[in-house]
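Asks: Residue numbers are given in full-length UniProt numbering: position 266 of the sequence shown equals residue 266, and the series is strictly consecutive.
Have a look at the structure that comes next, please.
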Amino acid sequence: MPTPLAPALLLLPASPAPRLPRPRPGPSRRARPPVVRAAALHALPRRLELWPPRLAAVESKPPPPPLEPPEPGEESAVSGFDARAGGGDGGGDGGGGGDLGWLKAFPHVLTASMANFLFGYHIGVMNGPIEDIATELGFQGNPFLQGLVVSIFIVGAFFGSLGSSALVDKFGCKRTLQIVSIPLIIGALLSAQADSLDEMLLGRFLVGIGIGVNTVLVPLYISEVAPTKYRGTLGTLCQIGTCLGIIAALSLGIPSESDPHWWRTMLYAACVPGVLIVAGMQFAVESPRWLAKVGRFDDAKKVVESLWEPSEVEKSMEEIKAVVVNDDSRGSWSDLLVEPHNRVALIGGSLFFLQQFAGINGVLYFSSLTFRDVGITSGALASLYVGITNFGGALVASNLMDKQGRKKLLIGSYLGMFLHSLLSWESIRKCLVSVHIVIETES
């Protein structure tokens with residue numbers, strides 16, 4: 001087809017044609033005109049058309065500047081651990097391997113959790129040697145008095161928990177933990193040196209008063225000191241401390257099977273954690289919420305800055321101020337009976353009541369006697385396995401608390417308690433049926 005340039009080409013003067021190289025023998029190859037090439041490109045699949053623009057976009061970006069080694073004496077902003085883990089701020093909900101934001105609050109939380117260790121220790125300290133104590137103090141063969149010695153510290157804990165709020169409001173969490181360690185130490189000493197039932201009961205009651213305050217105070221202190229992102233995980237240190245205290249008491253109680261006076265050593269040992277709490281809390285921080293409540297906002301901000309990430313300081317201070325404003329409106333016990341507080345109080349109270357009503361404390365208090373009654377040689381060692389199982393459950397909760405949420409863990413754990421209670425009941429029922437058959441046969 002002629003083009004518009006054809007007449008102009010005819011008017012140009014002729015010039016000698018250049019010599020062209022001889023074509024090689026073979027099939028003739030005619031070059032395609034530009035139109036044909038364009039048509040061939042348009043005939044390609046559409047998915048291939050997307051690649052060149054994308055490639056061009058990538059190639060159009062300027063290359064990153066080369067990394068320069070730090071100057072001598074200059075430290076990198078990212079530590080070696082964070083760099084290996086991917087650097088950055090960790091992200092996520094509590095963390096990848098390089099997320100160490102919980103580490104600042106951990107020493108303070110650990111020190112406060114020693115009070116829960118004492119709670120667990122006094123739960124298990126009477127498990128093994130209660131019969132030796134009854135024999136030495138003159139009430140052997142009296143199950144009521146044995147049960148009273150074991151559980152009277154819970155009565156003291158009831159009264160201690162009622163007075164915990166007034167102590168915390170006046171002295172703060174830090175000082176209150178130190179103050180209530182005094183009856184813990186005195187009560188343990190009095191129990192260890194007891195020569196009569198009355199002295200033992202008084203010592204156990206004093207221990208219970210300190211335990212009652214601590215069971216309210218320690219979770220409160222941890223929730224106010226721990227950064228929000230790690231509050232659930234660090235909060236499980238309460239239960240972990242209790243489990244470790246039970247394990248320590250049950251382990252220390254094994255020699256009591258051969259030494260009838262070993263129980264005094266066990267009660268003397270209970271003084272050591274109390275002394276450590278008094279000394280350790282001297283170096284711990286005060287609750288920032290309490291500091292703000294008494295008007296020490298600058299001190300509260302310093303505590304938050306020392307424990308929280310820098311990006312969370314202002315937000316946390318605003319939350320603390322909002323809580324303090326709401327706390328200024330005084331409430332009464334009757335407020336728990338009206339909406340919206342009654343539903344929360346009912347659910348929370350029912351959870352604690354049903355947990356105790358399941359009978360777990362009876363197992364922890366008297367498991368050694370129970371195992372001995374069913375023919376197990378070392379009841380103290382068998383009780384130790386119970387404590388280790390309890391500790392394993394606390395570890396599972398610490399790993400799943402912030403991942404699965406509280407509600408799912410509660411539902412799963414209560415279902416597990418229900419199923420295993422059924423198994424225990426079934427085993428007891430079979431034993432009772434067997435005993436009944438034996439009695440009927442002999443009669």
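The beta-carbon is built from N, C-alpha and C at its ideal position, and this holds for glycine as well.
Source: prediction; values computed, not measured.
Whose C-beta lies closer than 8 Å to the C-beta of Thr228 among residues of the same chain, with five residues either side of it excluded?
Replies: Translated into the one-based positions of the sequence shown, residue 228 becomes position 228. Within the same chain, Thr228 has close Cβ partners Glu312, Ser316.
Asks: Would you decide whether Phe366 is buried or exposed? Buried here means 16 or more other CB atoms lie within 10 Å of its CB.
Replies: Position 366 of the sequence shown holds residue 366. Counting Cβ neighbours within 10 Å, Phe366 comes out buried, since at least 16 surround it.
Asks: Measuring straight from C-alpha to C-alpha, what distance separates Leu201 and Asp132?
Replies: Here the question's residue 201 lines up with position 201 in the sequence shown. Here the question's residue 132 lines up with position 132 in the sequence shown. Going from the Cα of Leu201 to the Cα of Asp132 covers about 16 Å.
Asks: How many Å lie between Glu68 and Glu309 at the Cα?
Replies: On the sequence shown, residue 68 is found 68 positions in, with the first residue counted as 1. On the sequence shown, residue 309 is found 309 positions in, with the first residue counted as 1. Because the pLDDT of Glu68 is 44, which lies under 50, any placement of that residue in the model is unreliable, and the number read from its coordinates should be weighed accordingly. So the alpha carbons of these two residues sit roughly 28 Å apart.
Asks: Assuming contact is defined by CB atoms lying nearer than 8 Å, are Val324 and Arg289 in contact in what I supplied?
Replies: Working through the sequence shown from its first residue, we reach residue 324 at position 324. Working through the sequence shown from its first residue, we reach residue 289 at position 289. Going by C-beta atoms, Val324 is nearer than 8 Å to Arg289.
Asks: From this set, Ser427, Lys293, Leu190, Arg372, which residue's C-alpha is nearest Val168's C-alpha?
Replies: Locating residue 168 in the sequence shown gives position 168, where the first residue counts as 1. The shortest C-alpha separation from Val168 is found at Lys293.
Asks: In the DSSP assignment, the alpha helix (DSSP H) including Arg296 goes from what residue to what residue?
Replies: On the sequence shown, residue 296 is found 296 positions in, with the first residue counted as 1. No alpha helix (DSSP H) holds Arg296; DSSP gives it neither H nor E.
Asks: Put Gly141 into one of helix, strand or coil per three-state DSSP.
Replies: As a first step, residue 141 must be located in the sequence shown, where it is residue number 141. Residue state, collapsed to three classes: coil.
Asks: Below 8 Å, can you find three or more Cβ-Cβ pairs linking the region 241 to 258 to the region 144 to 163?
Replies: Segments in contact, no.
Asks: Our contact map puts Ala270 next to Leu118 with C-beta atoms below 8 Å; I'd like the distance itself, whole angstroms only.
Replies: Start at 1 with the first residue of the sequence shown, and residue 270 comes out as number 270. Start at 1 with the first residue of the sequence shown, and residue 118 comes out as number 118. The Cβ separation is near 7 Å, so the contact holds.
Asks: Less than 8 Å between the beta carbons of Glu286 and Gly172, yes or no?
Replies: Residue 286 sits at position 286 when you count from the first residue of the sequence shown. Residue 172 sits at position 172 when you count from the first residue of the sequence shown. Yes, these two residues count as a Cβ contact at 8 Å.
Asks: Please give me, in chain order, every unbroken run of the alpha helix (DSSP H) with length at least 4 that falls completely inside the region 191 to 228.
Replies: Counting whole runs of 4 or more residues, the region 191 to 228 contains the alpha helix (DSSP H) stretches 197 to 225.
Asks: Given that a residue counts as buried once 16 or more other Cβ atoms are within 10 Å of its Cβ, and exposed if not, what is Val338?
Replies: Translated into the one-based positions of the sequence shown, residue 338 becomes position 338. Val338 comes out exposed.
Asks: Looking at C-alpha atoms only, which residue of Ala192, Leu410, Val150, Phe158 is the closest neighbour of Leu364?
Replies: Taking the sequence shown and counting its residues from 1, the one referred to as residue 364 is at position 364. Leu364 has its Cα closest to that of Val150, out of Ala192, Leu410, Val150, Phe158.
Asks: Using only CA atoms, which one of Thr389, Val218, Ala394, Ile347 lies nearest to residue 444?
Replies: Because the chain here runs from 1 to 443, residue 444 falls outside it and cannot be looked at.
Asks: Does DSSP put Trp425 in a helix, in a strand, or in coil?
Replies: If you number the sequence shown from 1, residue 425 lands on position 425. The answer is helix: DSSP assigns Trp425 an H, G or I state.
Asks: Would you kindly work out how many angstroms separate the C-alpha atoms of Trp263 and Asn116, rounded to a whole number?
Replies: Stepping through the sequence shown from its first residue, residue 263 is reached at position 263. Stepping through the sequence shown from its first residue, residue 116 is reached at position 116. Looking at the two C-alpha atoms, the distance is approximately 21 Å.
Asks: Please report the distance separating the alpha-carbon of Pro255 from that of Met266.
Replies: If you number the sequence shown from 1, residue 255 lands on position 255. If you number the sequence shown from 1, residue 266 lands on position 266. The alpha-carbon atoms of Pro255 and Met266 are separated by roughly 10 Å.
Asks: What is the C-beta distance between Ser113 and Thr233, in whole angstroms, given that I count them as a contact (C-beta under 8 Å)?
Replies: Along the sequence shown, one-based indexing puts residue 113 at 113. Along the sequence shown, one-based indexing puts residue 233 at 233. Between Thr233 and Ser113 the Cβ distance is about 13 Å, and since that is not below 8 Å, they are no contact.
Asks: Which of the three DSSP states is assigned to Lys104 in this structure?
Replies: For the purposes of this step, residue 104 is identified with residue 104 of the sequence shown, where counting begins at 1. Lys104 falls in the coil class under three-state DSSP.
Asks: Using the beta-carbon count (16 or more within 10 Å), is Gln146 buried or exposed?
Replies: The residue you call residue 146 lines up with position 146 of the sequence shown. When all chains shown are included, Gln146 counts as buried.
Asks: Given the structure, does His341 come close to the ligand NAD, in the sense that its CB is under 7 Å from one of the ligand's heavy atoms?
Replies: This structure simply doesn't include the ligand NAD, nor any ligand for that matter.
Asks: Is Asn361 helix, strand or coil by DSSP?
Replies: Sequence index remark: in the sequence shown, residue 361 carries index 361 (1-based). In this structure, Asn361 counts as helix in the three-state DSSP scheme.
Asks: Buried or exposed: Ile347, going by 16 or more other Cβ atoms within 10 Å of its Cβ?
Replies: What you label residue 347 is simply residue 347 of the sequence shown in a count that begins at 1. Exposed: under 16 other Cβ atoms inside 10 Å.
Asks: Would you tell me roughly how many angstroms separate the C-alpha atoms of Asp93 and Asn142, rounded to the nearest one?
Replies: The residue given as residue 93 occupies position 93 in the sequence shown. The residue given as residue 142 occupies position 142 in the sequence shown. Because the pLDDT at Asp93 is just 44, under 50, the model does not fix this residue reliably, and the point stays unresolved.
Asks: Quick check on Gly208: buried or exposed, where buried means 16 or more other Cβ atoms within 10 Å of its Cβ?
Replies: On the sequence shown, residue 208 is found 208 positions in, with the first residue counted as 1. Gly208 should be labelled buried.
Asks: What's the gap between the Cα of Ser223 and the Cα of Val155?
Replies: The residue given as residue 223 occupies position 223 in the sequence shown. The residue given as residue 155 occupies position 155 in the sequence shown. Taking the straight line from one Cα to the other gives about 26 Å.
Asks: Thinking Ala249 and Val344 are a contact (beta carbons under 8 Å), I'd like their distance in whole angstroms, please.
Replies: Locating residue 249 in the sequence shown gives position 249, counting from the first residue. Locating residue 344 in the sequence shown gives position 344, counting from the first residue. About 34 Å; that fails the 8 Å criterion.
Asks: Return helix, strand or coil for Ala270, following the three-state DSSP convention.
Replies: As a first step, residue 270 must be located in the sequence shown, where it is residue number 270. Looking at Ala270 - three-state DSSP - the assignment turns out to be coil, as it is neither helix nor strand.
Asks: Compare the C-beta of Ala105 with all C-beta atoms of chain B and state if any pair is closer than 8 Å.
Replies: In summary, chain B is missing from the structure at hand, where a single protein chain is found.
Asks: With Ile254 as the anchor, note down where its alpha helix (DSSP H) starts and where it stops.
Replies: Your numbering for residue 254 matches position 254 in the sequence shown. Where Ile254 is concerned, there is no enclosing alpha helix (DSSP H), given that its DSSP letter is neither H nor E.
Asks: Whose C-alpha, out of Gly210, Phe158, Ala226, is nearest the C-alpha of Gly101?
Replies: Your numbering for residue 101 matches position 101 in the sequence shown. Minimum Cα distance to Gly101 is reached at Ala226.
Asks: Would you mind stating whether Arg204 and Ser196 have Cβ atoms separated by less than 8 Å?
Replies: In the sequence shown, the residue the question calls residue 204 occupies position 204. In the sequence shown, the residue the question calls residue 196 occupies position 196. No, Cβ-Cβ distance for Arg204 and Ser196 is not below 8 Å.
Asks: Candidates Gly416, Gly253, Tyr414, Ala134: which alpha carbon is nearest Val122's?
Replies: Here residue 122 refers to the residue found at position 122 when the sequence shown is read from its first residue. At residue 122 the sequence reads His, which differs from the Val that was named. His122 has its Cα closest to that of Gly253, out of Gly416, Gly253, Tyr414, Ala134.
Asks: Taking only the alpha-carbon atoms, compute the straight-line gap between Gly362 and Trp425 and give it to the nearest angstrom.
Replies: Within the sequence shown, numbered from 1, the residue matching residue 362 stands at position 362. Within the sequence shown, numbered from 1, the residue matching residue 425 stands at position 425. About 15 Å.
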